[in-house]
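Residue numbers (my numbering): 92 to 196.
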(Lines of atoms letter the chains of each structure in order from A and count residues from 1; the text may use other names and numbers.)
(Lines give C-alpha, C1' and ligand atoms only; values in the text may rest on other atoms or scores of the structure.)
Protein backbone atom coordinates (compact mmCIF):
# COMPACT_ATOMS: atom_id res chain seq x y z
CA UNK A 1 0.00 0.00 0.00
CA UNK A 2 1.31 3.42 -0.95
CA UNK A 3 1.81 5.65 2.08
CA UNK A 4 0.71 9.29 2.17
CA UNK A 5 3.50 11.82 1.87
CA UNK A 6 3.68 14.13 4.87
CA UNK A 7 5.29 17.48 4.06
CA UNK A 8 4.31 19.11 7.36
CA UNK A 9 6.15 16.43 9.32
CA UNK A 10 9.11 16.75 6.96
CA UNK A 11 9.30 20.52 7.57
CA UNK A 12 9.19 20.00 11.34
CA UNK A 13 11.89 17.31 11.25
CA UNK A 14 14.11 19.33 8.90
CA UNK A 15 13.83 22.35 11.21
CA UNK A 16 14.86 20.11 14.13
CA UNK A 17 17.78 18.85 12.04
CA UNK A 18 18.79 22.42 11.20
CA UNK A 19 18.66 23.56 14.83
CA UNK A 20 20.53 20.43 16.01
CA UNK A 21 17.66 19.49 18.35
CA UNK A 22 17.71 16.01 16.83
CA UNK A 23 20.32 14.43 14.60
CA UNK A 24 18.03 13.21 11.83
CA UNK A 25 19.45 11.89 8.58
CA UNK A 26 17.72 12.50 5.26
CA UNK A 27 17.15 8.75 5.00
CA UNK A 28 15.36 8.63 8.38
CA UNK A 29 13.20 11.62 7.50
CA UNK A 30 12.48 10.07 4.11
CA UNK A 31 11.33 6.83 5.74
CA UNK A 32 9.06 8.69 8.17
CA UNK A 33 7.53 11.10 5.65
CA UNK A 34 7.62 9.00 2.45
CA UNK A 35 9.27 11.88 0.58
CA UNK A 36 12.35 11.37 -1.57
CA UNK A 37 15.75 12.68 -0.52
CA UNK A 38 15.68 15.21 -3.38
CA UNK A 39 12.29 16.51 -2.18
CA UNK A 40 13.68 16.86 1.34
CA UNK A 41 16.70 18.77 0.06
CA UNK A 42 14.38 21.08 -1.91
CA UNK A 43 12.32 21.70 1.25
CA UNK A 44 15.50 22.28 3.29
CA UNK A 45 16.63 24.85 0.72
CA UNK A 46 13.29 26.66 1.09
CA UNK A 47 13.66 26.61 4.89
CA UNK A 48 17.17 28.08 4.61
CA UNK A 49 15.76 30.82 2.36
CA UNK A 50 13.49 31.74 5.30
CA UNK A 51 10.28 30.79 3.48
CA UNK A 52 7.22 30.29 5.65
CA UNK A 53 5.58 26.89 6.06
CA UNK A 54 2.51 27.81 3.99
CA UNK A 55 4.56 28.80 0.94
CA UNK A 56 6.58 25.58 1.21
CA UNK A 57 3.42 23.46 1.41
CA UNK A 58 1.75 25.09 -1.60
CA UNK A 59 2.58 23.57 -4.96
CA UNK A 60 4.18 25.97 -7.41
CA UNK A 61 1.41 25.55 -9.97
CA UNK A 62 -1.46 25.99 -7.52
CA UNK A 63 -4.04 28.39 -8.89
CA UNK A 64 -2.46 28.59 -12.34
CA UNK A 65 -4.25 27.68 -15.55
CA UNK A 66 -2.97 24.56 -17.30
CA UNK A 67 -0.79 25.19 -20.33
CA UNK A 68 -2.99 22.69 -22.19
CA UNK A 69 -6.24 24.50 -21.36
CA UNK A 70 -8.26 25.99 -24.20
CA UNK A 71 -8.03 29.75 -24.54
CA UNK A 72 -11.07 31.94 -23.87
CA UNK A 73 -11.26 32.65 -27.61
CA UNK A 74 -11.41 28.92 -28.42
CA UNK A 75 -14.08 28.32 -25.78
CA UNK A 76 -16.22 31.18 -27.09
CA UNK A 77 -15.86 29.88 -30.67
CA UNK A 78 -17.10 26.42 -29.68
CA UNK A 79 -19.97 27.85 -27.59
CA UNK A 80 -21.10 30.09 -30.46
CA UNK A 81 -20.84 27.19 -32.91
CA UNK A 82 -22.96 25.00 -30.62
CA UNK A 83 -25.67 27.69 -30.56
CA UNK A 84 -26.20 27.06 -34.29
CA UNK A 85 -27.09 23.41 -33.53
CA UNK A 86 -29.26 23.48 -30.37
CA UNK A 87 -30.71 19.94 -30.52
CA UNK A 88 -27.78 17.76 -31.59
CA UNK A 89 -25.85 15.38 -29.36
CA UNK A 90 -22.22 15.79 -28.37
CA UNK A 91 -21.23 13.02 -30.78
CA UNK A 92 -23.03 14.75 -33.65
CA UNK A 93 -21.46 18.09 -32.71
CA UNK A 94 -18.03 16.45 -32.66
CA UNK A 95 -18.59 15.01 -36.14
CA UNK A 96 -19.68 18.41 -37.49
CA UNK A 97 -16.71 20.12 -35.89
CA UNK A 98 -14.22 17.59 -37.27
CA UNK A 99 -15.74 17.60 -40.76
CA UNK A 100 -16.26 21.36 -41.13
CA UNK A 101 -13.40 22.87 -39.14
CA UNK A 102 -10.71 20.27 -38.54
CA UNK A 103 -10.62 18.43 -41.87
CA UNK A 104 -11.63 21.44 -44.03
CA UNK A 105 -10.39 24.62 -42.36
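Note that beta-carbon positions come from the ideal geometry of N, C-alpha and C, so glycine has one too. None of the values given here were measured: they were computed from a predicted structure.
Taking the CA atoms as reference points, residue 177 sits about 13 Å from residue 169.
Residue environment: residue 120 is assigned as buried (16 or more neighbouring CB atoms within 10 Å of its CB, all protein chains considered). Of the residues 183, 96, 101, the one whose Cα lies closest to the Cα of residue 137 is 101.
Beyond the five residues adjoining it in sequence on each side, residue 126 comes within less than 6 Å, by CB distance, of 96, 101 in the same chain, given in chain order. The DSSP-derived three-state label of residue 162 is coil.
Burial state of residue 131 is buried, judged by a 10 Å Cβ sphere holding 16 or more other Cβ atoms. Shown here for residue 99: same chain residues with a beta carbon closer than 8 Å to its own, the five before and five after excluded, namely 144, 148 in chain order. With distances taken between CA atoms, residue 151 lies nearest to 134 out of 108, 160, 134, 166.
The alpha-carbon separation between residue 192 and residue 182 amounts to approximately 15 Å.
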